[in-house]
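According to our numbering, the stretch in the sequence shown is residues 180 to 295, in order. Note that beta-carbon positions come from the ideal geometry of N, C-alpha and C, so glycine has one too. None of these values were measured; they are calculated from a predicted model.
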Amino acid sequence: GYVKGVYVGEGKLYVLIEIANRTNINYDVESISFITSPVQVKNRQIEAEEKVFTPIYAIQPENIAKKSSQRLVYVFDKFTIADNKNLLFIMTEIDGERTLSLDIKPKYIVGAEYVK
Numbered sequence: 180g181y182v183k184g185v186y187v188g189e190g191k192l193y194v195l196i197e198i199a200n201r202t203n204i205n206y207d208v209e210s211i212s213f214i215t216s217p218v219q220v221k222n223r224q225i226e227a228e229e230k231v232f233t234p235i236y237a238i239q240p241e242n243i244a245k246k247s248s249q250r251l252v253y254v255f256d257k258f259t260i261a262d263n264k265n266l267l268f269i270m271t272e273i274d275g276e277r278t279l280s281l282d283i284k285p286k287y288i289v290g291a292e293y294v295k
């Protein structure tokens, strides 16, 4: 998966993610979370306090069908994160061990494209 775009407008932050299920088994979504994670600098992890961000609205399927891709949209009240942290998107599977995680760098949040 990858982050397709980060947008801001009317006091909201929009995160658009595209994910693909390349397997022959449906991916049943158990949970999603957005947390801050420390950035690594020259093989050394910088300690930083973890924070959880909860979307106020989401467009997300209950499952990703086999051999298909989906676009997911998450809406937050606007926020920023420190330069020494990334925003980490984590999606877990029901009754499975597949986990998707994507890093969203702070420059994409503070440099989000403005939309009306």
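List the endpoints of the continuous alpha helix (DSSP H) containing Lys286. Where Lys286 is concerned, the enclosing alpha helix (DSSP H) starts and stops at Pro285 to Val289.
As an exercise, report each continuous alpha helix (DSSP H) stretch of at least 4 residues that is fully enclosed by the region 228-257, in chain order. none
Using the Cα positions of Pro217 and Ile283, report the straight-line distance between them to the nearest angstrom. 12 Å
Given this structure, state the Cα-to-Cα distance separating Lys257 from Ile238, to the nearest angstrom. 18 Å
Check Ala261 in the structure and name its three-state DSSP category. Coil.
Going by the beta-carbon positions, is the gap between Ile214 and Glu228 smaller than 8 Å? The beta carbons of Ile214 and Glu228 sit no closer together than 8 Å.
Hey, would you say Leu281 sits closer than 8 Å to Ile196, going by beta carbons? When the beta-carbon positions are compared, Leu281 and Ile196 come within less than 8 Å of each other.
Tell me whether Lys295 is buried or exposed, calling it buried when 16 or more other Cβ atoms sit within 10 Å of its Cβ. exposed
Please state if the CB of Pro240 and the CB of Lys264 are separated by a distance shorter than 8 Å. no
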